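Undergrad: First, the structure itself, so that you have it in front of you.
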Amino acid sequence: MDELDREILNVLRRDARTPYTEIAEQVGTSEGTVRNRVEGMVEDGVIERFTVTTRTGNVKAMIEISVAMDVNTDEVGKRLADWEEVDFVWQVSGEDDIVLVVDCVDTRAVNELISRAREQEEVEESTTRLILDERLGT
Numbered sequence: 004m005d006e007l008d009r010e011i012l013n014v015l016r017r018d019a020r021t022p023y024t025e026i027a028e029q030v031g032t033s034e035g036t037v038r039n040r041v042e043g044m045v046e047d048g049v050i051e052r053f054t055v056t057t058r059t060g061n062v063k064a065m066i067e068i069s070v071a072m073d074v075n076t077d078e079v080g081k082r083l084a085d086w087e088e089v090d091f092v093w094q095v096s097g098e099d100d101i102v103l104v105v106d107c108v109d110t111r112a113v114n115e116l117i118s119r120a121r122e123q124e125e126v127e128e129s130t131t132r133l134i135l136d137e138r139l140g141t
């Protein structure tokens, strides 16, 4: 991945629906080059998916989870990622091992999800933080 790929990714991070012609104009290259670069990044797994961010009025939260030392966090994370309310699963360093970013209809639903997470055999502790506001970085 070179500087041009990074510039293209920065545009797509802000709006994944940006037309290739507009991206080409912003980064100073041709539409065909942008198209080929994006297709290459998709094939190489650099771009995993194109997604939509919504403002649903729901309650968003981060559920930070600690698991036992002998637990495969990748397997646990994959299982938790299948839950409907989970937007992202991050494996992190520090006191916690996994962070779930969730989008629930209300605080009761967040609490039910916390209980569900704590019921998992591998989970030792959890901490929850409500997301009060969200901004897209530049």
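Just so we're on the same page, this note's numbering is the position in the sequence shown counted from 1, plus 3.
The beta carbon of each residue, even a glycine, is placed where N, CA and C say it ideally should be.
What you are looking at is a predicted structure, and each value in this text was computed from that prediction instead of being measured.
List in chain order: all unbroken alpha helix (DSSP H) runs of 4+ residues lying wholly within the stretch 70-136.
TA: 76-84 and 110-121
Undergrad: How long is the line joining the alpha carbons of residue 147 and residue 19, rounded to whole angstroms?
TA: As shown, the chain starts at 4 and ends at 141. That puts residue 147 outside it, with no answer to give.
Undergrad: Can you tell me where the alpha helix (DSSP H) holding residue 15 begins and where it ends?
TA: What you label residue 15 is simply residue 12 of the sequence shown in a count that begins at 1. It spans 6-17 - the alpha helix (DSSP H) in which residue 15 sits, taken as one unbroken run.
Undergrad: Whole-angstrom Cβ separation of residue 68 and residue 100, contact assumed at under 8 Å?
TA: Taking the first residue of the sequence shown as position 1, residue 68 is located at position 65. Taking the first residue of the sequence shown as position 1, residue 100 is located at position 97. Contact holds; Cβ gap of about 6 Å.
Undergrad: State the Cα-Cα distance for the pair residue 25 and residue 90, rounded to the nearest angstrom.
TA: The count along the sequence shown starts at 1 and reaches residue 25 at position 22. The count along the sequence shown starts at 1 and reaches residue 90 at position 87. Taking the straight line from one Cα to the other gives about 29 Å.
Undergrad: Go through its chain and collect everything with a Cβ distance to residue 130's Cβ below 6 Å, but skip five positions before and after it.
TA: To locate residue 130, count along the sequence shown from 1; it is residue 127. Answer for residue 130: 67, listed in chain order.
Undergrad: Span of the alpha helix (DSSP H) holding residue 30?
TA: Within the sequence shown, residue 30 is the residue found at index 27, counting from 1. 23-30 is the span of the alpha helix (DSSP H), which, as asked, contains residue 30.
Undergrad: From which residue to which residue does the alpha helix (DSSP H) around residue 38 run?
TA: In the sequence shown, the residue the question calls residue 38 occupies position 35. 34-46 is the extent of the alpha helix (DSSP H) around residue 38.
Undergrad: Can you give me the C-alpha to C-alpha distance between residue 54 and residue 74, rounded to a whole angstrom?
TA: Locating residue 54 in the sequence shown gives position 51, counting from the first residue. Locating residue 74 in the sequence shown gives position 71, counting from the first residue. Near 30 Å, if we compare the C-alpha coordinates of residue 74 and residue 54.
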